[in-house]
C-alpha cells in the first residue's frame with residue numbers, strides 16, 4: 001500500500017475517533033498520517049480540530065496555520081485558526097482569519113452548508129471585533145486611571161514601601177516579614193524592564209530593522225514576584241512591548257507560537273546541533289513571553305480563560321523539560337526550570353483559573369480549581385526553603401508564603417462554594433467551618449502589613465458568621481483585622497484592591513468589633529454567642 005493510501009486509512013480511523021469524541025486518540029492517528037503525507041492540508045486542519053477540543057490552543061493555531069499555508073482557499077482551516085487565536089486572546093489575528101474564512105467562501109451559489117458557515121463566521125467576526133474594541137478601551141482607561149491616580153505622587157505601594165525601608169531594616173529580623181520587600185522586589189524588576197524597553201533603539205542596517213536591549217526577563221520576574229506591581233502610564237506601552245518581544249525573540253531564536261510538545265521537540269532537535277548556550281536563552285524568552293502574554297490577556301483583555309491556556313503551555317514546557325533534561329543542572333538549562341519559577345507560574349494560573357470559573361466559563365470547574373490549589377499547596381510543602389541558601393525576604397514571600405496562602409484561600413473558596421450549593425445544615429456547616437479555618441490559615445502566611453492578610457481574615461469572618469460561629473472564634477479574628485488595617489494602609493492605602501472598595505468592607509468589621517466589645521462589657525452577649533453582622537443578635541440591635 002502506498003504512503004498516500006496509508007495516510008487516507010489513518011485519516012479515516014482518526015475521523016471515526018473524532019466522531020466518538022476521542023480527540024487525543026484521533027490526534028495520534030492524524031499525526032501518523034501527517035508523517036506520511038505532510039502536504040495534506042486536511043490532515044493538519046483535522047488535527048487542529050482535535051487540539052481545539054483538547055484546549056491545546058497554541059498547537060491548534062500552529063496546525064491550522066499550516067493548513068492555510070498548504071491550501072489558502074480552505075475556509076474550515078481559516079475558521080479553526082481564528083477559533084484558536086480567539087481562545088488565545090489574539091483578537092487582531094482572529095479577525096484577520098475570520099475575514100479570510102469568509103473571503104474564500106463562494107459569493108454566489110452557496111450550498112446550505114456554506115451558507116451556514118458564512119452566518120457562523122460573520123457572527124464570530126463581529127464578536128472578535130467587539131472584543132478587540134473592548135480591549136483597546138480597557139487599555140485607554142488603564143492609562144488614564146494611572147495618570148489620574150498620580151503614580152509619581154508618592155501614593156503607590158512601591159513608593160510607600162521605599163519610604164519604610166530604613167525603618168524595616170532597623171527592626172532586624174522582625175522587619176523582614178513585611179510586604180514592603182515583596183513589592184519592592186517586584187517594582188525594581190518592573191522599572192528596570194520598562195527602562196530597558198523605553199531605551200530600545202531601532203536602527204536600519206542593510207535595509208532591515210535592528211534593535212538593542214533586553215527587558216522580557218525583568219518584566220516577567222516582576223509579574224511573578226507580585227502582579228500588583230503592574231501599571232501602565234504610557235499609551236505606547238503595548239507597542240513598545242511588542243517591539244521588544246519581536247527583537248528578543250529574533251535575537252534569541254525564541255518560539256512565538258506552538259504548544260509544549262512542539263517546542264520541546266524542536267528544542268531537542270536544536271540541542272542535537274548546538275548547545276545549551278543557544279537553546280537556554282531561546283527557551284527563556286519563549287516561556288517568559290508566554291507568561292507576559294497570559295498576564296496581559298487576563299488583565300487588558302479580561303480573558304482569563306485564554307490566559308490559562310498560555311499558562312498551561314508554559315507549565316507543559318517547564319515540567320516536560322525537567323523530565324527530558326533531568327540530568328542537566330539548573331545552572332545549565334536555566335532558571336526557568338527551577339521549582340520556584342514553576343511554582344510562580346502555577347500561582348498565576350490558579351488565580352486566572354479561579355476568575356474564569358467565577359465568570360462561568362465553560363469547562364472551568366470547581367473540582368479542577370480544588371485540584372490546582374491542592375497541587376500548589378503540596379508543591380510548597382514538599383520544597384521548603386533551604387536555610388543554607390540565602391534568599392531575600394521578598395523572594396520568600398513571592399515563591400513560598402504567597403503561593404501557599406493563595407492555595408489555601410482557593411481551598412477555602414472551594415469549601416465555601418460547596419456550602420452555598422447545599423441546603424442541609426448538617427452538610428453546609430462543616431464546609432463553612434473548614435472554609436473559615438482555611439482563610440485564617442491563609443492569612444497567617446502573609447505579613448500583617450499585606451492587604452491580603454486583612455482581606456483573608458475578613459473572608460474567614462464572613463464564613464464563620466454565616467455558619468454561626470461563637471464570639472470565641474470570631475472576636476480574635478476581628479481583633480487581628482483591627483491590628484492589620486493600619487499597618488497595611490502604610491503601604492497599600494491606594495492599591496487597586498483599595499480602589500475596588502476594600503476599606504468600606506473592612507471598616508464594617510472594625511465598627512462591628514467595637515460594638516461587640518461594648519456589648520460584652522455590658523453583659524448583653526457572651527463569648528459563646530454566635531453574634532454576626534446584620535443578624536438580629538447583632539449588638540447594634542441590642543438595646
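Residue numbers (the UniProt record's numbering): 1 to 543. Built from N, CA and C at the ideal position, the CB exists for glycine as well.
- Annotation: residue 25 to residue 49 spans about 13 Å, alpha carbon to alpha carbon.
- For residue 78, the three-state secondary structure derived from DSSP is helix.
- In the structure shown, residue 362 adopts coil according to DSSP, grouped into three states.
- In the assembly as shown, residue 277 is an exposed residue. Its beta-carbon has fewer than 16 other beta-carbons within 10 Å.
- When the Cα atoms are used, residue 515 and residue 463 turn out to be separated by approximately 20 Å.
- Straight-line measurement puts the Cα of residue 273 at about 50 Å from the Cα of residue 173.
- With a cutoff of 7 Å on beta-carbon distance, residue 456 and residue 409 are scored as near each other.
- A distance below 7 Å separates the beta carbons of residue 161 and residue 491.
- The C-beta distance from residue 249 to residue 285 rounds to 6 Å, short enough to fall under 8 Å.
- When the beta-carbon positions are compared, residue 67 and residue 45 come within less than 7 Å of each other.
- Within the region 363-440, the complete alpha helix (DSSP H) segments at least 4 residues long are 366-381, 393-396 and 402-421, listed from N- to C-terminus.
- By the neighbour-count criterion, in which 16 or more other beta carbons inside 10 Å mark a residue as buried, residue 499 falls on the exposed side.
- Remark: C-beta atoms of residue 319 and residue 282 do not approach each other more closely than 7 Å.
- For residue 526, there is no enclosing alpha helix (DSSP H), as DSSP gives it neither H nor E.
- Per DSSP, the unbroken alpha helix (DSSP H) holding residue 281 starts and ends at 276-299.
- Per the coordinates, the alpha-carbon of residue 389 lies some 37 Å from the alpha-carbon of residue 502.
- For a cut-off of 8 Å, the C-beta gap from residue 406 to residue 347 is around 6 Å, short enough to register as a contact.
- Restricting attention to alpha helix (DSSP H) runs no shorter than 4 residues, the UniProt repeat "TPR" (7-40) encloses them at 23-36, ordered along the chain.
- Residue 71 and residue 304 have their alpha carbons spaced roughly 33 Å apart.
- About 4 Å separates the beta carbon of residue 85 from that of residue 93, a gap short enough to meet the 8 Å contact definition.
- Here residue 354 is not near residue 376, since their CB atoms are 7 Å or more apart.
- Here residue 29 is buried, its C-beta having at least 16 other C-beta atoms within 10 Å.
- The beta carbons of residue 257 and residue 83 sit no closer together than 7 Å.
- Residue 351 sits buried, since 16 or more C-beta atoms from the chains shown fall within 10 Å of its C-beta.
- Residue 301 has its alpha-carbon roughly 7 Å from the corresponding atom of residue 138.
- Here residue 452 really is in contact with residue 446; their C-beta atoms are around 6 Å apart, less than 8 Å.
- Cβ neighbours of residue 385 within its own chain (closer than 7 Å, five residues either side excluded): 391, 396 and 400.
- Cβ-Cβ distances below 6 Å link residue 411 to 373 and 438 in the same chain, with the five nearest sequence neighbours on each side left out; the list follows chain order.
- Between the C-alpha atoms of residue 229 and residue 424 there is a straight-line separation of about 43 Å.
- Look at residue 230 here: in three-state DSSP terms it is coil, with no helix or strand label.
- Annotated three-state conformation of residue 236 is coil, per DSSP.
- The continuous alpha helix (DSSP H) containing residue 304 extends over residues 304-324.
- Only residues of its own chain outside the window of five on either side were considered, and among them 216, 217 and 220 have a CB closer than 7 Å to the CB of residue 288, listed in chain order.
- Going by beta carbons, residue 311 and residue 361 fall outside the 7 Å limit.
- Here residue 3 is not near residue 33, since their CB atoms are 7 Å or more apart.
- Inter-residue distance for residue 484 and residue 19 is about 57 Å (C-alpha atoms, whole angstroms).
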